[in-house]
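Structure record follows, encoded as structure tokens.
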Amino acid sequence: MNDLLRGINLYLIGMMGAGKTTVGKLLAQQLGYGFVDTDEVITQVAGQSINEIFAEQGEEAFRTLESQVLSQLCAYQRLVVATGGGIILQRANWSYLRHGLIVWLDVSPEDLYHRLKGDTSRPLLQHDNPLGRLQEIVTQRQPLYAQADVKLRVTVNDTPEQVMNGIL
Ligand code: S3P
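So the sequence shown is numbered by this note's numbering: it starts at 4 and just counts up by one.
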């Protein structure tokens with residue numbers, strides 16, 4: 004795979020809780036690539052947590068920052084990039100993502116809920132009915148995620164190593 008990729012970046016997309024960060028780190032290690040988590044860069048640049056950015060600046064400001072961070076990654080090669088779940092929402096982001104190979108980790112809302120219940124770091128899930136909210140978001144975003152180059156169906160039973168091998 005390494006030779007085939009010729010150093011192009013790998014962008015992991017998919018819902019929150021899909022395992023993009025965990026799998027991305029493993030994959031980067033395996034390929035000898037650098038690893039970037041866009042949420043992590045955003046929190047560093049903003050000096051605030053994702054929750055704080057959403058609460059104080061609003062989702063739109065977060066999306067602008069997210070887009071700026073993503074655009075800058077095109078200047079690099081040999082990166083595995085774990086993106087925020089909503090990266091696919093902005094049309095302009097697709098031209099940045101197309102700079103590399105886009106891999107969708109497709110997880111059912113029920114499995115996402117299983118992984119994320121009790122999680123307080125995702126502002127979009129601060130809701131009376133987080134499972135219902137996840138189902139709603141997945142339904143809205145599915146057609147966008149489906150534009151990835153590679154789709155991998157992932158379940159809660161898959162280990163990060165299995166998911167990584169699936170991608171490879
Ligand atoms: C979001 C997903 C989060 C983070 C923010 C918004 C989304 O990233 O960017 O809370 O819109 O799905 P993860 O997918 O890494 O949790």
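Backbone N, C-alpha and C define an ideal beta-carbon position, used for all residues, glycine too.
Valine 157 and alanine 58 have their alpha carbons spaced roughly 31 Å apart. Counting only residues of its own chain and dropping the five nearest sequence neighbours on each side, leucine 134 has a CB closer than 6 Å to the CB of Tyr116. The continuous alpha helix (DSSP H) containing glycine 27 extends over residues 23 to 34. Placement of the Cβ of leucine 82 at a distance of 8 Å or more from every heavy atom of the ligand S3P is found. Counted as a single uninterrupted DSSP element, the beta strand (DSSP E) harbouring isoleucine 105 occupies residues 104 to 109. Here threonine 41 is buried, its C-beta having at least 16 other C-beta atoms within 10 Å. No Cβ-Cβ contact shorter than 9 Å links leucine 34 with valine 26.
Look at valine 159 here: in three-state DSSP terms it is coil, with no helix or strand label. With the rule of 3 Cβ pairs closer than 8 Å, the stretch 112 to 129 does not count as touching the stretch 91 to 104. Going down the chain, each residue whose beta-carbon is closer than 5 Å to a heavy atom of the ligand S3P shows up: Met19, Asp42, Ile53, Gly87, Gly88, Gly89 and Arg125. With respect to the 9 Å criterion, glutamate 164 and leucine 29 are classified as neighbours on the basis of their beta carbons. Between lysine 23 and leucine 108 a beta carbon distance of about 6 Å is seen, short of the 8 Å cut, so the two are scored as contacting. Going by C-alpha positions, glycine 121 is about 21 Å away from threonine 46.
Between serine 74 and tyrosine 36, the C-beta spacing is not below 9 Å. Here alanine 149 carries a coil assignment [DSSP, helix/strand/coil].
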